[in-house]
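Participant: Per UniProt numbering, the first sequence starts with residue 1, numbered consecutively.
Note that beta-carbon positions come from the ideal geometry of N, C-alpha and C, so glycine has one too.
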Amino acid sequence: MDEGESSTNSPSRPWESYNTVFTNAKAGMEGVDKEKVQRIVYEMSKGSKYFQNEERKEALMKQKIEHMRERCAKLSASDLSNYQKVVDRRILELEATRDLSRVWLHVDMDAFYAAVETLSNPSLKGKPMAVGGLSMISTANYEARKFGVRAAMPGFIARKLCPDLIFVPVDFPKYTHYSDLTRKVFRNYDPNFIAGSLDEAYLDITEVCRERGLSGGEIAEELRSSVHSETGGLTCSAGVAANRLLAKVCSDINKPNGQFVLQNDRSTVMTFISSLPIRKIGGIGKVTEHILKDALGIKTCEDMVLKGSLLYALFTQSSADFFLAVGLGLGKTDTPEVRSRKSISSERTFAATGDERLLNSKLAEIAEMLSHDMKKEGLMARTLTLKLKTASFEIRSRAVSLQRYTCSSEDILKHATKLLKAELPVSIRLIGLRMSQFSEEIRHSDPSQGTITKFIVQKDSSRQNLDDNDSFDLDASKNCLSNNERLSLSYTSHDTSYDQLKDVVEYEEQSVTQNQECKKEEKRPQVLEGDDLLRKHKESKSDTSAEKTEAVSIFPQMEPLLWVDGYKCNLCGIELPPSFVEERQEHSDFHLAQRLQNEESGPSSSTTPTSKRRILGKEKANSKTKKQKPNQKDDSKHIPIHTFFTKSNQNSNDGTQKK
DNA sequence: GGGTTGAGCATTG
DNA sequence: TTCCACAATGCTCAACCC
1 MDEGESSTNS PSRPWESYNT VFTNAKAGME GVDKEKVQRI VYEMSKGSKY
51 FQNEERKEAL MKQKIEHMRE RCAKLSASDL SNYQKVVDRR ILELEATRDL
101 SRVWLHVDMD AFYAAVETLS NPSLKGKPMA VGGLSMISTA NYEARKFGVR
151 AAMPGFIARK LCPDLIFVPV DFPKYTHYSD LTRKVFRNYD PNFIAGSLDE
201 AYLDITEVCR ERGLSGGEIA EELRSSVHSE TGGLTCSAGV AANRLLAKVC
251 SDINKPNGQF VLQNDRSTVM TFISSLPIRK IGGIGKVTEH ILKDALGIKT
301 CEDMVLKGSL LYALFTQSSA DFFLAVGLGL GKTDTPEVRS RKSISSERTF
351 AATGDERLLN SKLAEIAEML SHDMKKEGLM ARTLTLKLKT ASFEIRSRAV
401 SLQRYTCSSE DILKHATKLL KAELPVSIRL IGLRMSQFSE EIRHSDPSQG
451 TITKFIVQKD SSRQNLDDND SFDLDASKNC LSNNERLSLS YTSHDTSYDQ
501 LKDVVEYEEQ SVTQNQECKK EEKRPQVLEG DDLLRKHKES KSDTSAEKTE
551 AVSIFPQMEP LLWVDGYKCN LCGIELPPSF VEERQEHSDF HLAQRLQNEE
601 SGPSSSTTPT SKRRILGKEK ANSKTKKQKP NQKDDSKHIP IHTFFTKSNQ
651 NSNDGTQKK
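1. Take K160 and list the residues in its own chain whose beta-carbon comes closer than 7 Å to its own, dropping the five residues that flank it on each side.
2. Run through the DSSP bridge pairs and tell me what L433 is partnered with.
3. Nearest CA to the CA of G331: which residue from R102, Y83, R89?
4. I believe K299 touches K293 by the beta-carbon criterion, under 8 Å. Please report the beta-carbon distance rounded to the nearest angstrom.
5. On the CB-based measure, 16 or more other CB atoms within 10 Å of its CB, does A247 come out buried or exposed?
6. Three or more beta-carbon pairs under 8 Å between the stretch 295 to 314 and the stretch 273 to 284, yes or no?
7. Please state if the CB of S346 and the CB of M369 are separated by a distance shorter than 8 Å.
8. Is DSSP giving T118 helix, strand or coil here?
9. Assess contact between the stretch 180 to 190 and the stretch 219 to 234, defined as three or more Cβ pairs (one per stretch) separated by less than 8 Å. Is contact present?
10. Measuring alpha carbon to alpha carbon, tell me which of P191, L430, Q403 ends up nearest L386.
11. With a threshold of 8 Å, are at least 3 pairs of Cβ atoms found where one atom belongs to the stretch 203 to 211 and the other to the stretch 138 to 145?
12. Taking 8 Å as the cut-off, does the stretch 351 to 364 touch the stretch 395 to 406 (at least 3 CB pairs, one atom from each stretch)?
13. Could you tell me the alpha carbon to alpha carbon distance between I65 and I291, rounded to whole angstroms?
14. From H415 to V168, what does the alpha carbon distance come to, in whole angstroms?
15. Scan the stretch 296 to 372 and note each continuous alpha helix (DSSP H) run of 4 residues or more that stays entirely inside, going in chain order.
16. For I91 and S138, what's the separation of their Cα atoms in angstroms?
17. Could I get the ranges of all uninterrupted alpha helix (DSSP H) runs contained in the stretch 169 to 237, with 4 residues as the minimum, in chain order?
18. Could you tell me whether any non-hydrogen atom of the ligand MN is closer than 7 Å to the CB of D373?
19. For the alpha helix (DSSP H) that contains G155, what are its first and last residues?
20. Any idea if T406 is buried or exposed, counting beta-carbon neighbours within 10 angstroms, 16 or more meaning buried?
21. Can you give the beta carbon distance from I412 to L433, rounded, assuming they're within the 8 Å contact cut?
22. My understanding is that V269 touches V240, with C-beta atoms under 8 Å, so please give their C-beta distance in whole angstroms.
23. Taking the straight line between their C-alpha atoms, what separation do you get for Q259 and N192?
24. When the Cα of L363 is compared with those of A320, K421, A313, which residue comes out closest?
25. Under a Cβ-count criterion, where at least 16 other Cβ atoms within 10 Å of its own Cβ denotes burial, should R244 be classed as buried or exposed?
26. Beta strand (DSSP E) containing S397: first to last residue?
27. What's the call for I428, buried or exposed, on a 16-neighbour Cβ count within 10 Å?
28. Is P163 closer than 8 Å to S135 when the C-beta atoms are compared?
29. Under a three-way DSSP split, which group does L105 fall into?
30. Quick check on S138: does DSSP put it in helix, strand or coil?
31. Just curious, the beta strand (DSSP E) that M380 is in, first and last residue?
32. Is the beta carbon of G308 sitting closer than 8 Å to the one on V87?
33. Classify F350 as buried or exposed, calling it buried when 16 or more other Cβ atoms lie within 10 Å of its own Cβ.
34. How far does the alpha helix (DSSP H) with A96 in it reach, from first residue to last?
35. With DSSP as the reference, identify every bridge partner of residue 674, one or two as the case may be.
36. What are the partner residues of K241, as DSSP defines its beta bridges?
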């Protein structure tokens, strides 16, 4: 049944070693002639550039597995015994976090896009159908799945598997409409449900079960029936368990139009998890499965615990922790925080070309699309990543961090062109652009929380007469504090202990840099940039406080640095009280250096980031970075790990990193 | 030692 | 005839900087 077991390829059956994702079992694919599917997929792919790339990736994976085997063999008995101690301790710690008090429900719509299309066109009922086109299909209905057709399969292969397959083009607005209908139902059971995608969601139904005196299974039945009637006939499957990880596994068990309930007691969970294949776990994909299986002999979740010492010896701590938690049937049970998007991107595939003019025009199109999407969502970002897929399917990415936040297609295109130019000549079949590092990342607002700025205001009575613009600034800086920082700052301003006070003062120092970043964007979605923003800011201040400034000329040709109200830098909005003499000097130096840098390399360009980093770094050094990198370390505690790397030599094997 | 940045890769739907 | 998408997220590592 497992694709991995077919790796014993014989010369007469070369397709048996061609492990594509399409041969992995999916709901509705039981009884499919897997060998036939594998053979056809192999025959149609053989010799293509895509196939060659797959072979290259496969070879790389085998190398990784081999390398891990070697490292495994080198482990001594005492090494393993030491790692076992680590495992034993972690098991105790993880067990202490086990929470069997919650009831989580995972809902997954059945063949969602295909079902929606059938709903709006009943003549498709009972016929094999796929949503998508000849290059790629998004989903297939259950009739098509019987032929081995499935999501993410190229349409031309799907047609070969099922010559009568009907193709229906993707219609996102339609799916969004139906998705909204299902979400209306979900909200009745958990107003804070987590939408995984258009067609799936996690609901914490603990309260609704308690209030109505119903079991998780009864609620699931009711919800599914409600989804069916509200959508006019769409079916879904559900899983009920103590945590989200288990609930997701459960929803797949009786698909389609079914449900599975896993009782909330430890021994039931452990029995359930013991024989569960690792691939069933969200986050463990083809590569991880092969590495764990072929290098370490780990096939089931139980094996993760039994071979825990190997995992801790060979993988990073966070990966090993994840594996061990899986082996214990532990998953997230908390009410998740609001998550905001981290990046936005746009990419297009086309016939491979090395024609620079053509590539530039594609790039311009994509920059325009991306800029449009960003404006639509009111986003500005400062890191641009160019993604290229060469004619041989090799993926390359090149990134640059800009000096300022932007969403303009001109800015994006200007820097993207530079990045692309550095790669030429090359034949390319896909170009993608991604923008990340949003100004939003530091805007997790929660008006109920105390803020450093409030503290500053209370501390400094000379700033009691703040005008409206200042109030706006305060709100912006309030929004600048990340969740982590807000946690540390949850104090009542009237009852502040010495330690809290000390913390607050330390935060005051660091908050200036954050304020600086936030203020650049506080007027969104008006999308003011650079000089416009500065002008606007100055206009807003001119009537009340322009006269109350001290000027420091830092460069002959540039606008002098002014401390508005004796407090705030007119160039970037950073706030530094007069007593911060050294910091102010450093700040002036920063603007001077920035200007010199601009003179050297042209405006807002940062394609040689090192020197720039040095300058910006200096600026940040003043803020005694207590701040975590936003959304990285903290989020890793809440979001499933998707990739697993070994402790060392991760790149030494493939060594293909390009500089 | 710890933070940032850039690059590569895995995973998901 | 058609010949393997797109969007988003996060982990890890190396290099660099303070």
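Facilitator: Let me lay it out:
1. I40, M44
2. S346, L386
3. R102
4. 6 Å
5. buried
6. yes
7. yes
8. DSSP places T118 in helix when its eight states are reduced to three.
9. Yes, since at least three Cβ pairs between the stretch 180 to 190 and the stretch 219 to 234 fall closer than 8 Å, the two stretches touch.
10. L430
11. no
12. At 8 Å Cβ cutoff, the stretches do not touch.
13. The straight-line gap separating the alpha-carbon atoms of I65 and I291 is approximately 6 Å.
14. 38 Å
15. 301 to 306, 308 to 314, 317 to 327
16. The alpha-carbon atoms of I91 and S138 are separated by roughly 40 Å.
17. If we require 4 residues or more, the alpha helix (DSSP H) runs fully inside the stretch 169 to 237 come out as 172 to 189, 206 to 212, 216 to 231.
18. Of the ligands one can find in the structure shown there are none, so the ligand MN has no counterpart to examine.
19. 155 to 161
20. buried
21. Contact annotation, I412 with L433: C-beta distance approximately 6 Å; criterion of less than 8 Å satisfied.
22. Not confirmed; about 12 Å, so no contact.
23. 22 Å
24. L363 has its Cα closest to that of K421, out of A320, K421, A313.
25. buried
26. 395 to 406
27. Residue burial is scored here from C-beta neighbours: I428 has at least 16 other C-beta atoms within 10 angstroms and is therefore classed as buried.
28. Judged by beta-carbon spacing, P163 lies beyond the 8 Å limit of S135, meaning their Cβ atoms are not closer than that value.
29. strand
30. Per DSSP, reduced to three states, the secondary structure at S138 is strand.
31. Per DSSP, M380 belongs to no beta strand (DSSP E) and is neither H nor E.
32. yes
33. Under this definition F350 is an exposed residue.
34. 77 to 97
35. The requested residue 674 does not occur in the structure, where the chain is confined to residues 1 to 659.
36. The identity of residue 241 in the sequence shown is Ala, whereas the question assumes Lys. DSSP output for A241 lists W104 as bridge partner(s).
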